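First comes the structure, then the notes that go with it.
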């Protein structure tokens, strides 16, 4: 494991969190180079946490065949058959992306993955299967594992231009999403109006390097590291690992919506205008009459068109948008409930608590604690 990207660094933080309570543990971070097999023979660790991606066949064999217990910090693949695993549920990530886009009524879908990368293959497959089951087709583009050539960049740009629009595009991780955002700007493809772009990992730095900022699926990467270290301790203590369930796969947390997908498209332009108007004014405590006046339509007309297009009333959409805004602020900031209330159309914190509990069955504080705990170490 290199710790090059934020996901890996967060996994390492989780390992550190667990190891902080184990004073006899000495951790060595070794990159997946050609000298790994020699290092293992010389250092002879008591246990190994590893990722198969990036390991040569010889290095992988050395990890698996040594006298130490080894645990794969990723999901199961054929290359690590028989080795216990702790990682992300990549199929669940793909399904979450599909559900997110389907709820936004997109009709054209695409996926960009990494060739020969197992995690990417499983995300793309689950994304495709969910969309096909809903009666949709999907376009795909696979990037090479190695650094792309100018020919690959040109082919990817042409592919992006050829997609039917508006298109919902799922990128296998945030670095891929950033690359796509750059190409879209070069090709004068609008985000999110032409292509809505969603990545994975919620790497804040990467997501905010792009313009517009990138939406992403948040994953409990820190908990992956913590649980992997905890499982390794169990193995070192001689506890049997359940052979029927040798893997622990953690579900993704939620989608963090930023500007790259903040475009709810339908076939009804009146509804589209109403949704855009609502998003821009959700801070002001907008009501249905104000929404109707703002887009120059009667209340009766927007009531009917919302029901036909979205299957819910304008009031229900206002309430949904308000709660979604509150959820994002609860997770992306440390603002007080009073400050959050003022940013999502609530008079004060008590009104926010009342509306939030009615919509979700929990208080804003309970929601914030529960969701943020997914990226922190659980109690041992």
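In the numbering used here, the protein residues as written are 4 to 383. Even for Gly, the Cβ is constructed at its ideal location relative to N, Cα and C. Just so you know, these numbers come straight off a predicted model, no measurement behind them.
### Query
Taking contact to mean at least 3 C-beta pairs separated by less than 8 Å, is the region 67–83 in contact with the region 266–283?
no
### Query
Does the region 201–210 touch the region 4–22, meaning 3 or more C-beta pairs lie closer than 8 Å?
yes
### Message
Counting C-beta neighbours from all protein chains within 10 Å, is the total for residue 97 16 or more, i.e. buried, or is it exposed?
### Response
Along the chain shown, one-based indexing puts residue 97 at 94. Counting Cβ neighbours within 10 Å, residue 97 comes out buried, since at least 16 surround it.
### Query
Among 340, 308, 291, 298, which residue has its Cα nearest to the Cα of residue 322?
As a first step, residue 322 must be located in the chain shown, where it is residue number 319. Closest by alpha carbon: 291.
### Task
Can you check the region 27–102 for any alpha helix (DSSP H) of at least 4 residues that lies completely inside it and give the ranges in chain order?
39–46, 60–68
### Task
Starting from the Cα of residue 25, find the closest Cα among 177, 212, 134, 240 and give me that residue.
Working through the chain shown from its first residue, we reach residue 25 at position 22. Nearest of 177, 212, 134, 240 to residue 25, Cα basis: 240.
### Query
Got a sec: does the ligand ZN put a non-hydrogen atom nearer than 7 Å to the Cβ of residue 122?
The ligand content of the structure shown is nil, which means the ligand ZN is not present either.
### Query
By Cβ distance below 8 Å, which residues in the same chain neighbour residue 285 in space, the five residues on each side in sequence not counted?
Here residue 285 refers to the residue found at position 282 of the chain shown. Around residue 285: 321, 324, 325, 328, 347, 348.
### Task
With distances taken Cα to Cα, identify the nearest neighbour of residue 109 among 92, 364, 141.
Against the chain shown, residue 109 aligns to sequence position 106. Ranking 92, 364, 141 by Cα distance to residue 109 puts 141 first.
### Query
Roughly how many angstroms separate the alpha carbons of residue 132 and residue 340, rounded to a whole number?
Here the question's residue 132 lines up with position 129 in the chain shown. Here the question's residue 340 lines up with position 337 in the chain shown. Their backbone Cα atoms lie some 40 Å apart in a straight line.
### Query
Are there 16 or more other CB atoms within 10 angstroms of the CB of residue 92, so buried, or fewer, so exposed?
For the purposes of this step, residue 92 is taken as the residue at position 89 of the chain shown. Residue 92 should be labelled buried.
### Query
What residues are listed by DSSP as bridge partners for residue 219?
If you number the chain shown from 1, residue 219 lands on position 216. The partner list for residue 219 (beta bridge, DSSP) reads 202, 259.
### Query
So, are the CB atoms of residue 104 and residue 232 less than 8 Å apart?
Here residue 104 refers to the residue found at position 101 when the chain shown is read from its first residue. Here residue 232 refers to the residue found at position 229 when the chain shown is read from its first residue. Taking 8 Å as the Cβ cut-off, residue 104 and residue 232 do not qualify as a contacting pair.
### Message
Looking at the secondary structure, which residues open and close the alpha helix (DSSP H) in which residue 353 lies?
### Response
If you number the chain shown from 1, residue 353 lands on position 350. First-last of the alpha helix (DSSP H) with residue 353: 352–363.
#### Entry: Helix, strand or coil at residue 283 according to DSSP, with G and I counted as helix
Numbered from its first residue, the chain shown carries residue 283 at position 280. In the structure shown, residue 283 sits in a helix (DSSP, three-state: H, G or I).
### Query
Could you give the distance in angstroms between the alpha-carbon of residue 49 and the alpha-carbon of residue 283?
By one-based count along the chain shown, residue 49 stands at place 46. By one-based count along the chain shown, residue 283 stands at place 280. Near 57 Å, if we compare the C-alpha coordinates of residue 283 and residue 49.
### Task
Have a look at residue 353 and residue 338 and give me their C-alpha separation to the nearest angstrom.
Here residue 353 corresponds to residue number 350 of the chain shown, with the count starting at 1. Here residue 338 corresponds to residue number 335 of the chain shown, with the count starting at 1. Looking at the two C-alpha atoms, the distance is approximately 15 Å.
#### Entry: CA-to-CA distance, residue 168 to residue 27, given in whole angstroms
Position 24 of the chain shown, counted from the start, is the residue given in the question as residue 27. Position 165 of the chain shown, counted from the start, is the residue given in the question as residue 168. Going by the C-alpha atoms only, they are around 57 Å apart.
### Query
Would DSSP call residue 299 helix, strand or coil?
Locating residue 299 in the chain shown gives position 296, where the first residue counts as 1. Coil at residue 299, not helix or strand.
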